[in-house]
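*Asks:* Before we start, here is the structure in question, set down as structure tokens.
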Amino acid sequence: MRAIQIFNAVALATAAAFAATMGAVAIMYAVYLDAEPRLREDWAAVMTTVIVFVVLMLLSGLAFHAHRRDKSWRWPAEALLLSGIAVGGGVLYRALV
Numbered sequence: 002m003r004a005i006q007i008f009n010a011v012a013l014a015t016a017a018a019f020a021a022t023m024g025a026v027a028i029m030y031a032v033y034l035d036a037e038p039r040l041r042e043d044w045a046a047v048m049t050t051v052i053v054f055v056v057l058m059l060l061s062g063l064a065f066h067a068h069r070r071d072k073s074w075r076w077p078a079e080a081l082l083l084s085g086i087a088v089g090g091g092v093l094y095r096a097l098v
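Throughout the sequence shown, residue numbering follows our numbering, covering 2 to 98 in sequence.
As structure tokens, this is what we get:
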């Protein structure tokens, strides 16, 4: 059970770091959106990335909490996290390619 908690903690920390970084990028884009036409073209991809990482952060936080407190719904939360990682990867691939 300890390994899954480490995985969830790493997933939470990684998603939080990416969400915070991309959130800062989104704020900079929002400030300079009218100054450069290229920024408006990339705005949808930036916001998609922010949303994906915020959702992954929430899912990994939920799974971490469930395993840490030994909740009865810990395995459905873990399945939801793993599904979110797969779907999020697909969404990011489509948004960035």
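Ideal placement from N, C-alpha and C gives every residue a C-beta, glycine not left out.
1. Between Val-92 and Thr-49, which are expected to be in contact by the criterion C-beta below 8 Å, what is the C-beta distance as a whole number of angstroms?
2. To the nearest whole angstrom, what separates the beta carbons of Ala-27 and Val-47, a pair I think is in contact under 8 Å?
3. Taking 9 Å as the threshold (C-beta atoms), are Leu-83 and Leu-63 in contact?
4. Cβ atoms of Ala-17 and Ile-86: under 9 Å apart, would you say?
5. Just tell me which of His-66, Ser-61, Pro-38 has its CA closest to the CA of Ala-20.
6. Residues in its own chain within less than 8 Å of Val-97 by CB, not counting five upstream and five downstream?
*Replies:* Taking the structure as given:
1. Taking the sequence shown and counting its residues from 1, the one referred to as residue 92 is at position 91. Taking the sequence shown and counting its residues from 1, the one referred to as residue 49 is at position 48. Sure, about 7 Å apart at Cβ, within 8 Å.
2. In the sequence shown, residue 27 corresponds to position 26, counting from 1. In the sequence shown, residue 47 corresponds to position 46, counting from 1. Right, the Cβ-Cβ distance comes to about 5 Å (below 8 Å), so this counts as a contact.
3. Sequence index remark: in the sequence shown, residue 63 carries index 62 (1-based). Sequence index remark: in the sequence shown, residue 83 carries index 82 (1-based). In this structure, Leu-83 does not lie closer than 9 Å to Leu-63 by Cβ.
4. By one-based count along the sequence shown, residue 86 stands at place 85. By one-based count along the sequence shown, residue 17 stands at place 16. No, the Cβ-Cβ distance between Ile-86 and Ala-17 is not below 9 Å.
5. Residue 20 sits at position 19 when you count from the first residue of the sequence shown. Out of His-66, Ser-61, Pro-38, Ser-61 has the C-alpha closest to the C-alpha of Ala-20.
6. On the sequence shown, residue 97 is found 96 positions in, with the first residue counted as 1. In the sequence as displayed, the identity of residue 97 is Leu instead of Val. Around Leu-97: Ala-46, Thr-50.
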